[in-house]
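Trainee:
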Ligand SMILES: Cc1cc2nc3c(=O)[nH]c(=O)nc-3n(C[C@H](O)[C@H](O)[C@H](O)COP(=O)(O)O)c2cc1C
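Numbering (the working numbering), first residue to last: 138 to 618.
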C-alpha cells in the first residue's frame, strides 16, 4: 500500500535522505523556484532531493517542491516500490482500479473560506520562472467533470493567479479538462473546477497519466494505493475532491469569460506561448489546519514535472500495449526523462513475432500518446541505458528501411517550439518511429564466451581491481555470448 497522505510520503522520503528542510526564510516570488532550478540544472540526478521550505516570508504555510519527482528514487519512494518495479506497479494499478470512498468529514476542509473571505494571497503560491513569468502559478492537480456522464477528470494544467479571487488555467483545446468544460459551457452552464494541493502521492501521479477520455484517475490512484481514495464533496461546487489533501481551491467557469494567460516557463525549455483561456472565479479555499503547500518544479528540463510524467506514462503505456491493444510481445517501456514525458522519446522493448511487428507497435505508441519519437528495440537491450540503445540504433537500424514518418499530427500541447512557426502558435507536427530491432541473425556477440567472462570476473576480484556492479547491459550481452 502506498502512502495515504503527502505527509506520510515526506516522512518516508526524509528517512531515505531524499528530503532537505530549509529553515531560512524564503521569498516565494523567486527563491524556492530559483534554488530548485539550480538543483535540477547542476546536481546529478541521483543526488537530487525534495525541498521543504519551512519558513515562507509573509505566510504560515510551508512550500514543498521537487519531492515527488526529485529523481527516480524519490518517485519510487512515493509509490513505495523498488525502482525496478515502477512499471509493474502501474500495470497492476491500471488493471485493478478501486472506486473511491465517499466521506462526509475531510481533513482538507478543516478550515473553510468562502465568499468575501476568499483571498488567493493567503496561499504561498510561488513564481516559477522569476523575472519572466507573468506572476504566481498553481502547478498542481485540476479536477473537472463531464456534465453528461458525471465522470470527473484530473490533469495538471498550469494556472495563472490573476487576482485575489480569479485564476486562468491553461485549458487548451484537445485536453480533457477543456473537453469537460465544453460539456457545460456549450449548454450555457457554469462549469465547476477545483485544484487539489498536496494529495496522496498516487493521486498526483495518476493525474499526469495519459488515460483515455472517460477514465477516472482517482480509481487508478486507488488501484495504486491498494485502497480507495477518500473523496469528499467540495463546499461550493458540484465536484468530489480528495479528502486527505492539504488544500483545495474551488471555482466556477462562466461561459464566455476569458482572458490572456501567460507567459509561463515551460517544460520544453522556453517561455510558453500566451493565449486566451477561460477565467475561473474562485468560490472557496479550504484546507487542513496548518497545511503544506505543494507545487511542481517544471520549466527547463530536467525537472520534477518531466520525471513524474515520464515515469508514470511509461507504466501506463506498457499496460495499454500489453492488455488493451493485444501486444504481450512488449516487455518494457521507457520514456526519456527530459521532455515532459509528453512529446518526448519512448523506447519500447519487445520480442517481434512476425515481419514489421515492431513497426506496428511503434505506430500504435505514436497513435495512442502525445509521444513524438518512438524507438523499438529487441528485449535484449536495456532501454534505460543510453549507450545500449545507441548501440542497437547503430547495429540494427537502417534509416531508409526502418523509419516510419507520421505526418499531420495536431499536438494539443503547444509548448514545443519545433512544431510552431515563428508567426503562428500551433502548426501541425509529425512523429517518427525508428525500428531498431534485428532484421537478420547477425551471429554471436564479439565478446568472449560467458564461461570465459565469468572466469575473468573471478580473476578481476583476485587481483583486487576496483569493484563494480555488473550493469544490466553487460549481463544481457554476456548471457548471450
Ligand atoms: C507541472 C505540470 C504542468 C502541466 N501543465 C500543463 C498545461 O498547462 N497544459 C496541458 O495540457 N498539460 C499540462 N501538463 C500535462 C498534463 O497534466 C498531463 O498530460 C495530464 O495527463 C493531462 O490530463 P488529461 O489528459 O486528462 O487532459 C502539465 C503537467 C505538469 C506536471
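Note that the Cβ used here is the ideal one computed from N, Cα and C, for glycine as well. Every value quoted in this text rests on a predicted model; they were computed, and no experiment measured them.
Please name the residue or residues paired with residue 402 in a DSSP beta bridge.
Mentor: BP columns for residue 402 point to 408.
Trainee: Would the beta-carbon of residue 450 fall within 9 Å of that of residue 406?
Mentor: no
Trainee: List the whole-angstrom C-beta distance separating residue 92 from residue 205, where the pair is believed to meet the contact cut-off of C-beta under 8 Å.
Mentor: Since the displayed the chain opens at 138 and closes at 618, residue 92 lies outside it and no answer follows.
Trainee: Check whether the segment 239 to 252 touches the segment 362 to 371, counting contact only when three or more Cβ pairs, one atom from each stretch, lie closer than 8 Å.
Mentor: yes
Trainee: Got a sec: does ligand 1 put a non-hydrogen atom nearer than 8 Å to the Cβ of residue 404?
Mentor: yes
Trainee: Identify which residue in 387, 411, 392 has its Cα closest to the Cα of residue 398.
Mentor: Ranking 387, 411, 392 by Cα distance to residue 398 puts 411 first.
Trainee: Kindly indicate which residue of 471, 365, 504 has the alpha-carbon position closest to the one of residue 141.
Mentor: Nearest of 471, 365, 504 to residue 141, Cα basis: 365.
Trainee: Tell me which residue opens and which closes the beta strand (DSSP E) that residue 278 is part of.
Mentor: 278 to 282
Trainee: Starting from residue 495, trace the alpha helix (DSSP H) both ways and give me its first and last residue.
Mentor: 494 to 505
Trainee: With hydrogens ignored, establish whether the beta-carbon of residue 295 is closer than 8 Å to any heavy atom of ligand 1.
Mentor: yes
Trainee: Determine the closest residue to residue 547 out of 362, 506, 533, with distance taken between C-alpha atoms.
Mentor: 506
Trainee: Let's see if you can read the secondary structure: which residues bound the beta strand (DSSP E) around residue 571?
Mentor: Residue 571 -> beta strand (DSSP E) spans 566 to 573.
Trainee: Below 8 Å on the Cβ atoms is my contact criterion, and I expect residue 335 with residue 385 to pass it. Report the Cβ-Cβ distance as a whole number of Å.
Mentor: Between residue 385 and residue 335 the Cβ distance is about 10 Å, and since that is not below 8 Å, they are no contact.
Trainee: Which residues share a DSSP beta bridge with residue 367?
Mentor: Answer by DSSP bridge pairing, in chain order: 238.
Trainee: Can residue 289 be considered in contact with ligand 1, in the sense that its beta carbon sits closer than 8 Å to one or more heavy atoms?
Mentor: no
Trainee: Residue 425: buried (16+ other C-beta within 10 angstroms of its C-beta) or exposed?
Mentor: buried
Trainee: Going by the CB atoms, is the gap between residue 511 and residue 486 shorter than 9 Å?
Mentor: no
Trainee: For residue 302 and residue 162, what's the separation of their Cα atoms in angstroms?
Mentor: 26 Å
Trainee: How long is the line joining the alpha carbons of residue 281 and residue 330, rounded to whole angstroms?
Mentor: If I take the Cα positions, the gap works out to 5 Å.
Trainee: Using 10 angstroms around the beta-carbon of residue 537, count the other beta-carbons present and answer buried if the total reaches 16, otherwise exposed.
Mentor: Under the 10 Å beta carbon count, residue 537 is surrounded by fewer than 16 other beta carbons and is classified as exposed.
Trainee: Looking at residue 328 and ligand 1, is the gap between the Cβ and the nearest heavy atom below 8 Å?
Mentor: no
Trainee: Do the CB positions of residue 190 and residue 168 come within less than 9 Å of each other?
Mentor: yes
Trainee: Using 10 angstroms around the beta-carbon of residue 589, count the other beta-carbons present and answer buried if the total reaches 16, otherwise exposed.
Mentor: exposed
Trainee: Kindly indicate which three-state DSSP category residue 590 falls into: helix, strand or coil?
Mentor: helix
Trainee: Residue 165: which of 274, 615, 544, 234 sits nearest, CA to CA?
Mentor: 274
Trainee: Mapping the DSSP letters down to three states, classify residue 342 as helix, strand or coil.
Mentor: helix
Trainee: To the nearest angstrom, how far is the alpha carbon of residue 517 from that of residue 357?
Mentor: One C-alpha to the other measures close to 31 Å.
Trainee: Suppose you measure from the CA of residue 232 to the CA of residue 448; what does that come to, to the nearest Å?
Mentor: 17 Å
Trainee: Measure how close the beta-carbons of residue 388 and residue 417 come, nearest whole angstrom, since I'm counting them as under 8 Å.
Mentor: Confirmed, Cβ separation roughly 4 Å.
Trainee: Note down the Cα distance separating residue 266 from residue 248, rounded to an integer number of angstroms.
Mentor: The alpha-carbon atoms of residue 266 and residue 248 are separated by roughly 30 Å.
Trainee: What's the C-alpha gap between residue 584 and residue 515?
Mentor: 19 Å
Trainee: Is residue 309 near ligand 1 - that is, is its Cβ less than 8 Å away from at least one heavy atom of it?
Mentor: yes
Trainee: Going by Cα to Cα distance, which pick from 292, 401, 285 is closest to residue 298?
Mentor: 401
Trainee: Determine, for residue 568, whether the minimum Cβ-Cβ distance to residues of chain B falls below 9 Å.
Mentor: You won't find chain B in this structure, because it holds only one protein chain.
Trainee: As a quick exercise: from 180, 186, 181, pick the residue whose alpha carbon is nearest that of residue 158.
Mentor: 186
Trainee: Use the C-beta contact count for residue 492: other C-beta atoms within 10 angstroms, 16 or more gives buried, fewer gives exposed.
Mentor: exposed
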